[in-house]
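Residue numbers (this note's numbering): 62 to 344.
Listed below in structure tokens is the structure:
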């Protein structure tokens, strides 16, 4: 796997070949090694700080006058110690990284022909454009599927959060109703049955004494409605009641049978007969 320059001299491509053979990037390995060394430097500085704090406490017991300069000297000493360690660590590992890339993670001699196992028998220099286009199309299709899977995963995560939220709300409502025990529910069920029986008994009672015949002849009279608003029968009952009241006032409050018949009138003819009877009785 080589790359031809303009002068025909082959140049190695270790940045592509070495990671392909090792299945990891050498730079990442070296960075991890350097980070481990830097972490060791940090732990050494922390340990030195603890040691100096204990030493300073012991010295302050013997020399209390040193308290004013103790913090400054300790801080300067720790900074110098940390700077010295980091300086030598950086120089050492810079050389280590350069030497590793030139000697360990390198192919020598540079023009050595290498073939990785999974590329054995492949002609990488003479590949048809159609095959390359097909491979690129397949790569694009795989990328599209990966994006769809990521989108689906986000939707599933969102749905899972919503489901957990709804479950929490349902549990909260259940906790609010948890004071209702099965025995109490049975009591409420019996109470509803008793209420229905009470309503049926009250509905079967005879009409109230103040219930007039005029109301009885008005079908569909609803609470809050006037008699003349429910149709012809209601209007006639209301008109007859008004005439009866007027006749009672004129006759000094006497209530006669003819007045009752006037209240029960359901037609113009019956109302006229009842009114004539009232006039005859008044005479």
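No residue lacks a Cβ here, since even glycine has one placed at the ideal position from N, Cα and C.
Host alpha helix (DSSP H) of residue 127 (start-end): Taken as a continuous stretch (DSSP letters only), residue 127 belongs to no alpha helix (DSSP H), as it is neither H nor E.
Nearest-angstrom Cα distance between residue 306 and residue 262? 35 angstroms
Cβ neighbours of residue 109 in the same chain (closer than 8 angstroms, five flanking residues each side left out): 139 and 142
Have a look at 297, 79 and 251 and flag the residue whose alpha-carbon is nearest the alpha-carbon of residue 163. 79
Using a 10 Å radius around the Cβ and a threshold of 16 neighbouring Cβ atoms, would you call residue 297 buried or exposed? buried
Would you grab the beta carbon distance between residue 102 and residue 147 for me? Rounded to a whole angstrom, and I think it's under 8 angstroms. 6 angstroms
Go to residue 85, then tell me how far its alpha helix (DSSP H) extends in each direction, as first and last residue. From DSSP, residue 85 is part of no alpha helix (DSSP H); its letter is neither H nor E.
With 16 other CB atoms within 10 Å as the buried threshold, where does residue 301 fall? buried
In or out: residue 308 buried (at least 16 other Cβ within 10 Å) or exposed? buried
Nearest-angstrom Cα separation, counted from residue 99 out to residue 211: 36 angstroms
Do you know how far the Cα of residue 130 is from the Cα of residue 124? 11 angstroms
If you check the beta carbons only, do residue 177 and residue 82 fall under 7 angstroms apart? yes
Start and end residues, alpha helix (DSSP H) containing residue 233: 190-237
Helix, strand or coil at residue 80 according to DSSP, with G and I counted as helix: helix
Between the stretch 188-199 and the stretch 114-122, can you find at least three pairs of beta-carbon atoms closer than 8 angstroms? no
Does residue 182 come out as helix, strand or coil in the three-state DSSP assignment? coil
Please tell me whether residue 158 and residue 91 are closer than 7 angstroms, where the distance is taken between their beta carbons. yes
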